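**Student:** Please read through the structure below; I'll follow up with questions.
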Amino acid sequence: MSEDKHTDHIHNKLQFAPPTSEEIFGKSRVIGEIELGLLQMQILWVLNRGSTHGYDMMKQMQVLKSTKVTQGTLYPTLQRLVDLGLIQKEDADRRVIYHITDKGKKVMNDACTDFTRTFFGIFHDFVCGKCVHRDIVKGSC
Numbered sequence: 002m003s004e005d006k007h008t009d010h011i012h013n014k015l016q017f018a019p020p021t022s023e024e025i026f027g028k029s030r031v032i033g034e035i036e037l038g039l040l041q042m043q044i045l046w047v048l049n050r051g052s053t054h055g056y057d058m059m060k061q062m063q064v065l066k067s068t069k070v071t072q073g074t075l076y077p078t079l080q081r082l083v084d085l086g087l088i089q090k091e092d093a094d095r096r097v098i099y100h101i102t103d104k105g106k107k108v109m110n111d112a113c114t115d116f117t118r119t120f121f122g123i124f125h126d127f128v129c130g131k132c133v134h135r136d137i138v139k140g141s142c
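Here the sequence shown stands for residues 2 to 142, where the numbers follow my numbering.
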């Protein structure tokens with residue numbers, strides 16, 4: 002059997018469905034009416050890992066996004082998240098430290114769930130499909 006036919010056979014035989022929100026986070030989805038953009042979701046994710054100031058966040062976002070996040074993009078987005086009650090800011094010395102709120106954590110979980118469900122098929126086909134093909138080519142099948 003040729004590699005392509007074997008790979009096609011595996012892809013046709015295995016059926017994958019994206020995980021449900023309940024499977025990922027349980028039954029509670031408190032705030033579903035707030036739809037976040039990708040940058041907003043990434044900011045909440047960074048702040049969920051630890052409170053930080055804007056410059057450090059820009060550096061973290063640059064690594065995460067592999068592109069530069071500018072002050073002109075970051076600070077208006079941070080202000081919008083403050084206005085929505087998803088983050089708080091605190092003056093500390095000469096810096097402003099940002100913290101995620103409980104509401105922000107819930108919204109971030111909902112946004113990450115939606116993101117995961119939306120891109121699950123793409124991720125599975127692109128990444129896992131390559132892994133399956135790699136394993137077949139190496140003869141582990």
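We treat Cβ as the ideally placed atom computed from N, Cα and C, and that holds for glycine. Just so it is clear, the structure is predicted and the values come from calculations on it, not from any experiment.
1) How should residue 168 be labelled, buried or exposed, when 16 other C-beta atoms within 10 angstroms of its C-beta is the threshold for buried?
2) Measuring only the C-alpha atoms, how far is residue 109 from residue 123?
3) Residue 97 by DSSP, collapsed to three states: which one?
4) Return the bridge partner residues of residue 106 from the DSSP annotation.
5) Applying the criterion that 16 or more other CB atoms from any shown protein chain within 10 Å of the CB defines a buried residue, is residue 70 buried or exposed?
6) Residue 72: buried (16+ other C-beta within 10 angstroms of its C-beta) or exposed?
7) Sort 45, 68 and 126 by Cα distance to residue 89 and report the nearest one.
**Tutor:** Let me spell this out:
1) Limits of the chain in this structure are 2 at one end and 142 at the other, which puts residue 168 out of reach.
2) 21 Å
3) strand
4) Answer is none; residue 106 lacks a bridge partner.
5) Its Cβ being crowded by 16 or more others within 10 Å, residue 70 is buried.
6) exposed
7) Ranking 45, 68 and 126 by Cα distance to residue 89 puts 45 first.
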